[in-house]
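Enquirer: Encoded as structure tokens, here's the structure I'll be asking about.
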Amino acid sequence: MFSWRNLINHFIEMRHYLIASTIIFVAGLVVGATNADFNAFITGQVDSLREVANTIQSSDNPTLGFIVFIFLNNVIKSILVMYIGAAFGLIPIFFLAVNGMVLGYVVNQAAGQGGDMLYTIIVKGLLPHGILEIPAILIACAYGIKFGALMFQGIGNLFVKRDGWGASVERFVVRTVPVSVLLVVTLLVAAVIESTITAWLLS
Numbered sequence: 001m002f003s004w005r006n007l008i009n010h011f012i013e014m015r016h017y018l019i020a021s022t023i024i025f026v027a028g029l030v031v032g033a034t035n036a037d038f039n040a041f042i043t044g045q046v047d048s049l050r051e052v053a054n055t056i057q058s059s060d061n062p063t064l065g066f067i068v069f070i071f072l073n074n075v076i077k078s079i080l081v082m083y084i085g086a087a088f089g090l091i092p093i094f095f096l097a098v099n100g101m102v103l104g105y106v107v108n109q110a111a112g113q114g115g116d117m118l119y120t121i122i123v124k125g126l127l128p129h130g131i132l133e134i135p136a137i138l139i140a141c142a143y144g145i146k147f148g149a150l151m152f153q154g155i156g157n158l159f160v161k162r163d164g165w166g167a168s169v170e171r172f173v174v175r176t177v178p179v180s181v182l183l184v185v186t187l188l189v190a191a192v193i194e195s196t197i198t199a200w201l202l203s
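Note that UniProt numbering has the sequence shown beginning at 1, numbered continuously upward.
The structure is reproduced here in structure tokens:
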């Protein structure tokens with residue numbers, strides 16, 4: 001049965017993974033903002049998103065198109081990294097690093113343009129939806145990393161038998177269900193904000 005208290009308590013239990021998730025994201029942000037060696041890779045990511053945005057913009061209902069695309073893109077990736085994290089947490093770590101690098105690159109490019117561009121990008125372009133979207137991504141990846149850690153424990157359990165590993169995995173998977181629902185709702189709200197309020201502020 002869903003309980004906010006149980007969910008919050010589980011987030012507290014997950015605090016080390018949430019901190020790790022945040023550190024990886026911030027590290028990616030710093031790399032994206034300061035290391036030109038990754039510019040070609042990051043530019044490719046940004047250009048791909050720009051192409052999709054241009055296609056949606058030319059559709060009959062671009063606002064609805066952006067809401068659907070942003071929502072599905074973020075939800076599918078976030079839910080996937082939670083469970084594909086079972087592959088020893090590698091995918092969530094990569095996902096965090098890349099997203100951080102792209103964000104760092106965009107902010108750095110805005111800062112380089114001078115004027116009030118940095119303020120515009122952060123306050124108008126990122127903050128309205130990012131205040132929901134970024135924590136949701138950090139949470140999803142934290143659970144993916146935790147799942148990977150459990151798999152490592154499982155391998156260790158093959159050599160040194162310890163009771164309770166199976167029960168720990170089952171308990172963790174059960175707890176991901178309400179978390180997934182929370183992430184879906186949060187990312188839906190973020191997608192609506194990004195496609196309406198953020199777009200209006202930047203127009």
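We treat Cβ as the ideally placed atom computed from N, Cα and C, and that holds for glycine.
Just so we're clear, the structure is a prediction, and the values are computed from it rather than from any experiment.
Buried or exposed: residue 280, going by 16 or more other Cβ atoms within 10 Å of its Cβ?
Expert: Past the edges of the chain, shown from 1 to 203, lies residue 280, and the structure says nothing about it.
Enquirer: Looking only at its chain, what residues have a beta carbon closer than 7 angstroms to the beta carbon of T196, apart from the 5 residues adjacent to it on each side?
Expert: Taking the sequence shown and counting its residues from 1, the one referred to as residue 196 is at position 196. Same-chain partners within the cutoff: T63.
Enquirer: Who are the near neighbours of N39 in its chain, counting only those whose CB is closer than 8 angstroms to its CB and skipping five residues on each side?
Expert: By one-based count along the sequence shown, residue 39 stands at place 39. For N39, where only same-chain residues beyond five positions count, the Cβ hits under 8 angstroms are Y105.
Enquirer: Check whether the segment 13-24 and the segment 132-148 are in contact - that is, three or more C-beta pairs closer than 8 angstroms.
Expert: The segment 13-24 vs the segment 132-148: in contact.
Enquirer: What's the C-alpha gap between A199 and E13?
Expert: The sequence position of residue 199 within the sequence shown is 199, counting from 1. The sequence position of residue 13 within the sequence shown is 13, counting from 1. Taking the straight line from one Cα to the other gives about 37 angstroms.
Enquirer: Do A53 and H129 come within 7 angstroms of each other at the CB atom, strictly closer than that value?
Expert: Translated into positions along the sequence shown, residue 129 becomes position 129. Translated into positions along the sequence shown, residue 53 becomes position 53. It is not a contact, given that the beta carbons lie outside the stated cut-off.
Enquirer: Terminal residues of the continuous alpha helix (DSSP H) containing K161?
Expert: Translated into positions along the sequence shown, residue 161 becomes position 161. Note, K161: premise wrong, no alpha helix (DSSP H); not H, not E.
Enquirer: Under DSSP, the alpha helix (DSSP H) around S78 begins and ends at which residues?
Expert: If you number the sequence shown from 1, residue 78 lands on position 78. Residues P62 to I84.
Enquirer: Does the distance from the CB of I56 to the CB of G65 come in under 7 angstroms?
Expert: Residue 56 sits at position 56 when you count from the first residue of the sequence shown. Residue 65 sits at position 65 when you count from the first residue of the sequence shown. The answer is yes: Cβ separation under 7 angstroms.
Enquirer: Along the chain, where does the alpha helix (DSSP H) that runs through L182 open and close?
Expert: Against the sequence shown, residue 182 aligns to sequence position 182. Looking at the DSSP string, the run of the alpha helix (DSSP H) that includes L182 is W165 to I193.
Enquirer: What residue from L103, T22 and E51 has the CA that sits closest to I145's CA?
Expert: By one-based count along the sequence shown, residue 145 stands at place 145. Answer by Cα proximity: T22.
Enquirer: How long is the line joining the alpha carbons of A86 and Q153, rounded to whole angstroms?
Expert: Position 86 of the sequence shown, counted from the start, is the residue given in the question as residue 86. Position 153 of the sequence shown, counted from the start, is the residue given in the question as residue 153. Straight-line Cα distance between these residues: approximately 11 angstroms.
Enquirer: With a threshold of 16 other CB atoms inside 10 Å of the CB of G148, please say whether the residue is buried or exposed.
Expert: In the sequence shown, the residue the question calls residue 148 occupies position 148. Classification for G148: buried.
Enquirer: Less than 6 angstroms between C-beta atoms, sequence neighbours within five positions excluded: which residues of the same chain meet that for V160?
Expert: On the sequence shown, position 160 is the one that residue 160 refers to. Within the same chain, V160 has no close Cβ partners at all.
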